[in-house]
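Student:
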Amino acid sequence: MSAKSDRSRPVPLIAAGIFLGLGLGGFVDGILLHQILQWHHMLSNIRPLTSVSNIDLNMVWDGLFHAFDWLLTVIGVGLLWQAGGREDVPWSSQTFMGSILCGAGLFNLVEGLINHEILGIHHVKPGPNQLAWDLGFLVFGALLVIIGWLMIQKRAKYTV
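If you count the sequence shown from 1, you need to add 6 to reach the working numbering.
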């Protein structure tokens, strides 16, 4: 075992990947579900798109949601930049991609639990099967976390 591997710390790379995954996961949600498919908007369950004022309000909250995603992504880029300047950070595409998947999955889990289930401000796809869509969103998030974690652990096992 080399002296460098004794001191290697993947945590900065993992933290950068998680923040990038959180931000990018939010962007995928906002761009795909809010804008392209138009299944929901941030407050569409409590302020339905039935009036211009409700549409305006949802548009503002969608914008705030994207601003938060942007902030998470910028933090991830900053953390990645810092990690790049450190000699003790082992670079691994598998660890990095696994971390991004973990972050995207965490986004789905947190956003899904808070916005869909606890606050009920919107659902993935409103309608007769909205609970199934909401639960599917949570399951997908959990799968992303599990796959990402396994990728990180597999890489860690081979670097010890």
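Backbone N, C-alpha and C define an ideal beta-carbon position, used for all residues, glycine too. For clarity, every value in this text was computed on a predicted model and none was experimentally measured.
The alpha helix (DSSP H) spanning HIS72 covers which residue range?
Tutor: Note, HIS72: alpha helix (DSSP H), 58 to 90.
Student: Which residues in the same chain have their Cβ closer than 7 angstroms to the Cβ of ARG15, if we skip the five residues on either side of it in sequence?
Tutor: Taken in chain order, the residues that qualify are ASP94 and VAL95.
Student: Can you check whether the CB of HIS72 is closer than 8 angstroms to the CB of HIS128?
Tutor: Against a cut-off of 8 angstroms, the Cβ pair of HIS72 and HIS128 comes out as no contact.
Student: Helix, strand or coil for HIS122, going by three-state DSSP, please let me know.
Tutor: Helix at HIS122.
Student: Among residues of its own chain, excluding the 5 on either side of TRP67, which ones have a beta-carbon nearer than 8 angstroms to its beta-carbon?
Tutor: Cβ within range, chain order: HIS47, MET48 and LEU49.
Student: Alpha carbons only, please: which of PRO18, VAL17 and GLY31 is nearest the one belonging to LEU107?
Tutor: Closest option to LEU107, Cα to Cα, is GLY31.
Student: To which residues of the same chain is PRO54 closer than 8 angstroms at the C-beta, ignoring the five residues directly before and after it?
Tutor: Around PRO54: ASN60.
Student: Could you spell out where the alpha helix (DSSP H) holding GLN44 opens and where it closes?
Tutor: Careful: GLN44 lies outside any alpha helix (DSSP H) and carries neither H nor E.
Student: Determine, using beta carbons only, whether GLY147 and LEU115 come nearer to each other than 8 angstroms.
Tutor: Yes; because the gap between Cβ atoms is below 8 angstroms, this pair is in contact.
Student: Once the 5 residues before and after LYS131 are set aside, which same chain residues still bring their CB inside 6 angstroms of it?
Tutor: For LYS131, where only same-chain residues beyond five positions count, the Cβ hits under 6 angstroms are TRP45 and TRP139.
Student: Between TRP76, ASN121 and PHE102, which lies nearest to TRP155 when the distance is taken from Cα to Cα?
Tutor: Of the listed residues, the one whose Cα sits closest to TRP155 is PHE102.
Student: For LEU55, which three-state DSSP category applies?
Tutor: LEU55 falls in the coil class under three-state DSSP.
Student: Can you tell which of THR56, ASN64, LEU85 and MET65 has the C-alpha that lies nearest to the C-alpha of GLY27?
Tutor: It is LEU85.
Student: How long is the line joining the alpha carbons of ASN121 and GLN88, rounded to whole angstroms?
Tutor: Cα-Cα distance, rounded: 32 angstroms.
Student: Between which two residues does the alpha helix (DSSP H) containing SER99 stretch?
Tutor: Here the alpha helix (DSSP H) through SER99 covers 99 to 117.
Student: In this structure, does DSSP put SER34 in helix, strand or coil?
Tutor: The amino acid occupying residue 34 in the given sequence is Val; Ser does not appear at that position. In the structure shown, VAL34 sits in a helix (DSSP, three-state: H, G or I).
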